[in-house]
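Structure first, commentary second.
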Amino acid sequence: MDAKVNFITLAVADVGASRAFYVDGLGWEPAFEAPGEILFISLSPTLVLSLWCAVSFEEEVGAIRAGSGMPPFTLAHNVESPEAVDVVLAEVIEAGGAILKPAVQRDWGGYSGYFTDPDGFVWEVAYNPGPIGASLMEAEGLLGRRSHRGVNEVVDAIRSRRSVGQGLLMGGPGLDHGVINEAVESARWAPNHKRTEPWRFYLLDEGRKARLADLWAAQLVRTGSKPERAEAKRGAWSGVSGVLVVTCTSAEDADEKTRLEDYAATACAVQNLCLHLWSKGIATKWSTAAVDDHEDFWPLLGHPREPAGTRIVSLVFYGLARELPKPHRKLGLADVLTDFRGAPLTDSGQG
Ligand SMILES: Cc1cc2nc3c(=O)[nH]c(=O)nc-3n(C[C@H](O)[C@H](O)[C@H](O)COP(=O)(O)O)c2cc1C
């Protein structure tokens, strides 16, 4: 027997009440139902929640054990962040569920709380930052479900965005290039000091995209790459769905600090752009490949030569992700955050 579960069947007192909570309240889709008798809700491609009228359950399975106390098991609904736990529990209250235990930080490193459904079945809503929790979330991301209804979508987009290599960025019917203009609109609302708005965006057409790939392959050969590698890069670059070149221009008399701030502002704009696209299901790759070393690069963008005070901040490759790379950070929150709250300030200024 394989280690798997395909149905979780709960014997419920009133299928109508269960329906009011799960379907009307939480918005879960019924996959099948016989009113008053049974309701199926698909939880994943291989797992169904079955809410079955207790009378029929007892006829088939036997008398239900009665007594006080909690049922001896819980169902868990895992989410991608502590904030998402709070959002889901708020939704549960709105749907008529009862909070059994408010969410708290757990000794095992996660954050979770409990609610009960109309029959007293106990659900845990959990954020599990460990490897198993992360792999569950990753699997759900791969299944295309990135954002729970009502979850803070900005946080979701920030944390689930990954750089996807050019070779994995494909086109397809799901790709709406019209979204790019909207994403540039979001990009240009990035913070910028002294209102310099230093960013410029160049959205390439098919011909220019192929030409950019040619220039990069040529540049790679010139700088000593093997022809096979250059050819592979040419194929990967020309095969992506789209490319946007983002540049930064500072005033000619701008000092070093202003130039740095202009670059920082443009980097914020690129991130806005990437997050906007990712929130619409379009993945990106930020590249700083030195294709602008090729003398034909600027003419490709309509400039006879590099415009004064201008540099490239990003070649943004975009498309639908064939697959998502694993998230990777070497440092944890505690490595990068010094939290002084609760640490008294001494005379010397040291904690
Ligand atoms: C300024 C900047 C330049 C980058 N340039 C490249 C690049 O030239 N080639 C590349 O493969 N990735 C490049 N990246 C993407 C990083 O490799 C990527 O962000 C990093 O591996 C972390 O992965 P994540 O974005 O999925 O979190 C760049 C990212 C930034 C912010």
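When the count follows the working numbering, it moves up by one through the sequence shown with no breaks and lands on 359 for the last residue. Using N, Cα and C, we set each Cβ at its ideal position, and we do this for glycine too.
Closest by C-alpha distance to residue i, when choosing among the options
{"i": "Val-56", "options": "Lys-12, Thr-255, Glu-190, Pro-79", "result": "Lys-12"}
{"i": "Pro-206", "options": "Gly-175, Asp-355, Gly-317", "result": "Gly-317"}
{"i": "Ser-246", "options": "Asp-261, Asp-32, Met-145, Leu-220", "result": "Leu-220"}
{"i": "Thr-3", "options": "Arg-169, Ser-26, Glu-264", "result": "This structure cannot speak to residue 3, because the chain is shown only from 9 to 359."}
{"i": "Ala-103", "options": "Tyr-30, Arg-169, Tyr-210, Leu-332", "result": "Tyr-30"}
{"i": "Ser-287", "options": "Ile-166, Glu-132, Glu-331, Arg-230", "result": "Ile-166"}
{"i": "Phe-15", "options": "Ala-39, Ala-21, Ala-28, Gly-33", "result": "Ala-39"}
{"i": "Ala-198", "options": "Leu-252, Ala-273, Ile-188", "result": "Ala-273"}
{"i": "Ala-275", "options": "Leu-228, Asp-300, Val-324, Val-63", "result": "Val-324"}
Residue i - partner residues in DSSP beta bridges
{"i": "Ala-134", "result": "Asn-86, Ser-120"}
{"i": "Ala-42", "result": "Ile-46"}
{"i": "Arg-319", "result": "Cys-256"}
{"i": "Tyr-210", "result": "Val-253"}
{"i": "Ala-106", "result": "Thr-124"}
{"i": "Trp-60", "result": "Ala-19, Ile-46"}
Distance cut-off 8 angstroms: residue i Cβ against heavy atoms of ligand 1
{"i": "Arg-349", "result": "no"}
{"i": "Ala-259", "result": "no"}
{"i": "Arg-330", "result": "no"}
{"i": "Lys-241", "result": "no"}
{"i": "His-336", "result": "yes"}
{"i": "Lys-202", "result": "no"}
{"i": "Gly-173", "result": "yes"}
{"i": "Pro-333", "result": "yes"}
{"i": "Ser-194", "result": "no"}
{"i": "Thr-296", "result": "yes"}
{"i": "Ser-170", "result": "With the sequence shown as reference, residue 170 is identified as Arg, and Ser is not the correct amino acid for it. Yes - ligand 1 has a heavy atom lying nearer than 8 angstroms to the Cβ of Arg-170."}
DSSP three-state assignment for residue i, whether helix, strand or coil
{"i": "Leu-176", "result": "helix"}
{"i": "Thr-17", "result": "strand"}
{"i": "Ile-290", "result": "coil"}
{"i": "Ala-329", "result": "strand"}
{"i": "Phe-348", "result": "coil"}
{"i": "Ala-111", "result": "strand"}
{"i": "Val-192", "result": "helix"}
{"i": "Val-248", "result": "coil"}
{"i": "Ser-26", "result": "helix"}
Contact set for residue i: own chain, Cβ-Cβ below 6 angstroms, skip 5 residues either direction
{"i": "Cys-61", "result": "Val-23, Glu-45"}
{"i": "Ser-322", "result": "Val-254, Val-278, Trp-294"}
{"i": "Arg-267", "result": "Ser-258"}
7 angstroms CB neighbourhood of residue i in its chain, flanking five on each side removed
{"i": "Pro-137", "result": "Gly-117, Gly-118"}
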